[in-house]
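Everything below concerns the one structure shown next.
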Amino acid sequence: GNKKAEASTANDGIPGVKYIVAVSSGKGGVGKSTFAVNLACAFSQILEKEGKKTGIMDCDIYGPSVPLMLGISGRPYVEGDSLIPMEGHNLSVMSMGFLVDEDTPVVWRGPMVMKTIQQFSQNVKWGELELLVVDLPPGTGDAQLSLVQTIPLSGAVIVTTPQAVSTTVAKRGARMLEKTNVRILGVAENMSYLEGPDGSRQNIFGEGGGQKTADDLGTELLGQIPLDQSIREGGDAGKPIVLSDPDSTAAQSFHAIAQSL
Ligand code: ADP
Numbered sequence: 004g005n006k007k008a009e010a011s012t013a014n015d016g017i018p019g020v021k022y023i024v025a026v027s028s029g030k031g032g033v034g035k036s037t038f039a040v041n042l043a044c045a046f047s048q049i050l051e052k053e054g055k056k057t058g059i060m061d062c063d064i065y066g067p068s069v070p071l072m073l074g075i076s077g078r079p080y081v082e083g084d085s086l087i088p089m090e091g092h093n094l095s096v097m098s099m100g101f102l103v104d105e106d107t108p109v110v111w112r113g114p115m116v117m118k119t120i121q122q123f124s125q126n127v128k129w130g131e132l133e134l135l136v137v138d139l140p141p142g143t144g145d146a147q148l149s150l151v152q153t154i155p156l157s158g159a160v161i162v163t164t165p166q167a168v169s170t171t172v173a174k175r176g177a178r179m180l181e182k183t184n185v186r187i188l189g190v191a192e193n194m195s196y197l198e199g200p201d202g203s204r205q206n207i208f209g210e211g212g213g214q215k216t217a218d219d220l221g222t223e224l225l226g227q228i229p230l231d232q233s234i235r236e237g238g239d240a241g242k243p244i245v246l247s248d249p250d251s252t253a254a255q256s257f258h259a260i261a262q263s264l
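Every letter in the sequence shown is one number past the one before it in this note's numbering, and letter 53, counting from 1, is 56.
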């Protein structure tokens, strides 16, 4: 879309990758990874028509969930010093989850976190990508900072729920990004409403948090994603709703945000 082209600099940090859009949240559990996966799928559907490829990099070293959400498992090939991304749903995919055992807890010490993150983010052979979605770890600690300093981001989307507690931490996260000169592309409000069979909308987690976050950050609300059982089921089953039920309200809401970027 326009925004991506208008102000973001095409990045020369990762060879072959044109735009890198990060998905960030102040805390876990707001649906950041769900959003990142469905956004990547929406981009992939849009860009595929132009013969262009989309990728997703899961940088959540503490709880990588992208492989499960996309139903992709296994170990990536290693070619020299480089990791070759896995492929699935027409996406190139790399995740810390491919590199660590599911049942083994990862206990990282500070310097190890930085080093791992740097190697991980710099040594993937992505090939030609129009757009790479980066799922950042939640929060505003060293891991996040290290990542946004290592990966030359075109911009970031902030995910929040409508709740005050979520919007407060979302803003903290956004400020950290701004300090490192990452451009905030906008706010996505997740779990915004529950739609009844009659089309009525219930605001389970309150109302207006996404808009307020956007206003406070001087950016725009990109869209609202409904609270929807099939979004959760799609994540659990490795079949993102954008792909499995593209005509649903939920899928359309992800698509609208991808189009707006
Ligand atoms: P985060 O990455 O912020 O920790 P996740 O994406 O892992 O959050 O989502 C947490 C849980 O909430 C998952 O089980 C996911 O399927 C579910 N979820 C996320 N967004 C929605 C939504 N809009 N509707 C229903 N369930 C959702």
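We put the CB at the ideal spot given by N, CA and C, even for glycine.
{"Asked": "What separation, rounded to the nearest whole angstrom, lies between the Cα atoms of residue 232 and residue 83?", "Found": "43 angstroms"}
{"Asked": "Can you look up residue 194 in the DSSP assignment and give me helix, strand or coil?", "Found": "coil"}
{"Asked": "Relative to the C-alpha of residue 118, which residue among 152, 213, 208, 134 is closest?", "Found": "152"}
{"Asked": "With hydrogens ignored, establish whether the beta-carbon of residue 50 is closer than 8 angstroms to any heavy atom of the ligand ADP.", "Found": "no"}
{"Asked": "If you reduce the DSSP assignment to three classes, tell me which class residue 7 lands in.", "Found": "Confidence at residue 7 is low in this model, with a pLDDT of 49, below 50, so its placement is unreliable and the value that follows should be read with caution. Here residue 7 sits in helix by DSSP."}
{"Asked": "Would you mind reading off the limits of the beta strand (DSSP E) that contains residue 98?", "Found": "94-98"}
{"Asked": "Excluding sequence positions up to five away, which residues of its chain have a Cβ less than 8 angstroms from the Cβ of residue 126?", "Found": "84, 85, 86"}
{"Asked": "Check whether the region 26-34 touches the region 171-191, taking contact to mean three or more Cβ pairs, one atom from each stretch, closer than 8 angstroms.", "Found": "yes"}
{"Asked": "Starting from residue 137, trace the beta strand (DSSP E) in both directions and tell me its first and last residue.", "Found": "132-138"}
{"Asked": "For residue 194 versus residue 34, is the C-beta distance shorter than 9 angstroms?", "Found": "yes"}
{"Asked": "In terms of residues, what are the limits of the beta strand (DSSP E) holding residue 224?", "Found": "224-227"}
{"Asked": "Using C-beta distances below 7 angstroms, list every residue in its chain close to residue 131, excluding the 5 sequence neighbours before and after it, in chain order.", "Found": "19, 56"}
{"Asked": "Starting from the N-terminal side, write out each stretch of the beta strand (DSSP E) that is 3 residues or longer and does not extend beyond the region 50-102.", "Found": "57-61, 89-91, 94-98"}
{"Asked": "Could you compute how far the alpha carbon of residue 202 sits from the alpha carbon of residue 214?", "Found": "22 angstroms"}
{"Asked": "Comparing the CB of residue 269 with every heavy atom of the ligand ADP, is any distance shorter than 8 angstroms?", "Found": "Limits of the chain in this structure are 4 at one end and 264 at the other, which puts residue 269 out of reach."}
{"Asked": "Given this structure, state the Cα-to-Cα distance separating residue 241 from residue 228, to the nearest angstrom.", "Found": "19 angstroms"}
{"Asked": "Just verifying my parser: in three-state terms, what is the DSSP assignment at residue 235?", "Found": "helix"}
{"Asked": "Which residue from 159, 140, 120, 43 puts its Cα closest to that of residue 66?", "Found": "140"}
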